[in-house]
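Written below as C-alpha cells is the structure these notes are about.
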Amino acid sequence: MAAVLAEGSAGGAESEAAAVPPMAGLEMVQQGAEARVYRGLFLGRPTVAKHRFPKRYRHPLLEERLSRRRTAQEARSLLRCRRAGKEAEDWLWKAVG
17 MAAVLAEGSA GGAESEAAAV PPMAGLEMVQ QGAEARVYRG LFLGRPTVAK HRFPKRYRHP
77 LLEERLSRRR TAQEARSLLR CRRAGKEAED WLWKAVG
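17 is the number of the first residue of the sequence shown in my numbering; add one for each residue after it.
Set out below in C-alpha cells:
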C-alpha cells in the first residue's frame with residue numbers, strides 16, 4: 017500500500033471541504049488531533065493519504081516548522097522499517113497546500 021502524506025497550509029483560511037487532499041474517491045478512515053487519514057486509490061494502487069490540518073491557535077511559522085518536522089520523521093520511520101525488512105508503505109509525495 018502506498019502512503020501519500022499531504023500537509024495543509026499554515027494559513028488557516030481554507031474551509032474544511034477544501035482541506036481534503038486533492039484526490040478523488042478518498043474515504044476518511046480516522047481523524048486524530050494532528051491529522052486526518054484517508055484511504056483510496058492512486059494510479060490504481062491502494063493508497064493511504066494523511067492530511068495534516070493547521071492548528072489556528074499556533075503561530076503560522078511554528079505550525080509550519082512542526083508539520084515539516086513531523087512529516088520528515090514519519091518518512092524516516094517508514095524508510096527504517098523497510099530497511100529492517102518490515103512491511104511498510106511506499107512514500108510517494110508530500111503535497112503542500
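All C-beta atoms, glycine included, are put in the ideal place defined by N, C-alpha and C.
Close-in-space but distant-in-sequence residues of the same chain around residue i (CB under 8 Å, 5 per side omitted)
i, result
"C97", "E103, A104"
"A51", "K66, H67, R68, F69"
"Q89", "none"
Residue(s) in a DSSP beta bridge with residue i
i, result
"P62", "L57"
"E43", "R55"
Cβ separation of residue i and residue j, assumed to be a contact under 8 Å, to the nearest whole Å
i, j, result
"G41", "L57", "6 Å"
Distance cut-off 7 Å: residue i Cβ against heavy atoms of the ligand NAD
i, result
"G101", "Summarising the ligand content, the structure contains no ligands, and the ligand NAD is consequently not present."
Neighbour-count burial assignment, residue i, 16 or more Cβ in a 10 Å radius
i, result
"Y73", "exposed"
"S83", "buried"
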